[in-house]
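A.B. asks: Quick one: this structure, given as structure tokens, is what I'll be asking you about.
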Amino acid sequence: MKKTAVVFWSGTGNTESMANAVLEGMKAAGAEAELFTSEQADSAKLAGFDAIAFGCPAMGAEELEETEFAPMFDAVKGSLSGKDAALFGSYGWGDGEWMRTWEEDCKNSGLNLVCQSVTCCEAPDDDALEACRKLGGELAK
Ligand SMILES: Cc1cc2nc3c(=O)[nH]c(=O)nc-3n(C[C@H](O)[C@H](O)[C@H](O)COP(=O)(O)O)c2cc1C
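Throughout, my numbering is defined as the position within the sequence shown, counted from one, plus 6.
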């Protein structure tokens, strides 16, 4: 059975709702799946997973959240070269620039992004939650 994980940060719950839908999609596709906040994740823990979904909203000025998520991600990304991964997150008023920058960072670090990232404006609607379940299912393949 494939071992998958969801690692997320969420300030007001929007990305957390997406994370739970990703987890559902992983389990529905038959994978073993665990949910971690960014504070609970480190390289040693993530090394044990076949595929990982990372979720973080647009914060700062089109950036990853800077006190918990970005330091965690910067610390683990070097150890994830070749690992299957996918990204998701909620934004507010921007045009998704933070996600494009994040995808580029992942590619430069050698992560294998297996599907299109899922973004949504503020709280995820039914379509966004379904896209998150699908993303989870892709990682479980
Ligand atoms: C401090 C702060 C900075 C933000 N910066 C951006 C931004 O640069 N671009 C954007 O589109 N939304 C920005 N937002 C909006 C959040 O991305 C949006 O509200 C999102 O739904 C929050 O997700 P969460 O509920 O998972 O925390 C910002 C919100 C806060 C509180």
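The C-beta atom is built at its ideal place from N, Cα and C for all residues, glycine as well.
Please state the DSSP three-state secondary structure of S16.
C.D. replies: The sequence position of residue 16 within the sequence shown is 10, counting from 1. Of the three classes helix, strand and coil, the one that applies to S16 here is coil, per DSSP.
A.B. asks: Comparing the C-beta of D90 with each C-beta of chain B, is any distance below 8 Å?
C.D. replies: Considering every chain present, this structure includes no chain B. It has just one protein chain.
A.B. asks: Do the CB positions of G116 and G142 come within less than 8 Å of each other?
C.D. replies: In the sequence shown, residue 116 corresponds to position 110, counting from 1. In the sequence shown, residue 142 corresponds to position 136, counting from 1. Contact: no.
A.B. asks: Just to confirm, are E128 and N26 a CB contact at a threshold of 8 Å?
C.D. replies: The residue labelled residue 128 in the question sits at position 122 within the sequence shown. The residue labelled residue 26 in the question sits at position 20 within the sequence shown. Not a contact, by the Cβ cut-off of 8 Å.
A.B. asks: Do P63 and ligand 1 come close, with the Cβ less than 7 Å from some heavy atom?
C.D. replies: The count along the sequence shown starts at 1 and reaches residue 63 at position 57. Using a cutoff of 7 Å, the CB of P63 counts as near ligand 1, since one of the ligand's heavy atoms is closer than that.
A.B. asks: From A57 to D101, what distance separates their C-alpha atoms?
C.D. replies: Here residue 57 is taken as the residue at index 51 of the sequence shown, counted from 1. Here residue 101 is taken as the residue at index 95 of the sequence shown, counted from 1. Those two C-alpha atoms are separated by around 27 Å.
A.B. asks: At 3 residues or longer, and completely inside the segment 71-128: list those beta strand (DSSP E) runs for me, N to C.
C.D. replies: 90-97, 124-127
A.B. asks: Do you know offhand how far C138's Cα is from A37's?
C.D. replies: Within the sequence shown, numbered from 1, the residue matching residue 138 stands at position 132. Within the sequence shown, numbered from 1, the residue matching residue 37 stands at position 31. Approximately 15 Å, taken between the alpha carbons.
A.B. asks: Is the distance from the Cβ of C62 to the Cβ of G31 below 8 Å?
C.D. replies: To locate residue 62, count along the sequence shown from 1; it is residue 56. To locate residue 31, count along the sequence shown from 1; it is residue 25. No, they are not a contact pair.
A.B. asks: Ligand 1 and A67: does any heavy atom of the ligand fall closer than 7 Å to the residue's C-beta?
C.D. replies: What you label residue 67 is simply residue 61 of the sequence shown in a count that begins at 1. The answer is yes for A67.
A.B. asks: How would you write the range of the alpha helix (DSSP H) that A38 sits in, first residue to last?
C.D. replies: Locating residue 38 in the sequence shown gives position 32, where the first residue counts as 1. Checking the displayed sequence, the identity of residue 38 turns out to be Glu instead of Ala. DSSP places E38 in no alpha helix (DSSP H) but in the uninterrupted beta strand (DSSP E) bounded by 38-43.
A.B. asks: Can you tell me whether DSSP reads K9 as helix, strand or coil?
C.D. replies: The sequence position of residue 9 within the sequence shown is 3, counting from 1. Three-state DSSP puts K9 in a strand.
A.B. asks: Report yes if the CB atom of L70 is closer than 8 Å to the CB atom of W104, and no otherwise.
C.D. replies: Stepping through the sequence shown from its first residue, residue 70 is reached at position 64. Stepping through the sequence shown from its first residue, residue 104 is reached at position 98. Yes. Within cutoff.
A.B. asks: Tell me which same chain residues have a C-beta within less than 6 Å of the C-beta of W15, skipping the five on either side of it?
C.D. replies: As a first step, residue 15 is located in the sequence shown; it is residue number 9 there, counting from the start. Cβ neighbours of W15 beyond the five flanking positions: S44, C62, E71, E74, F75.
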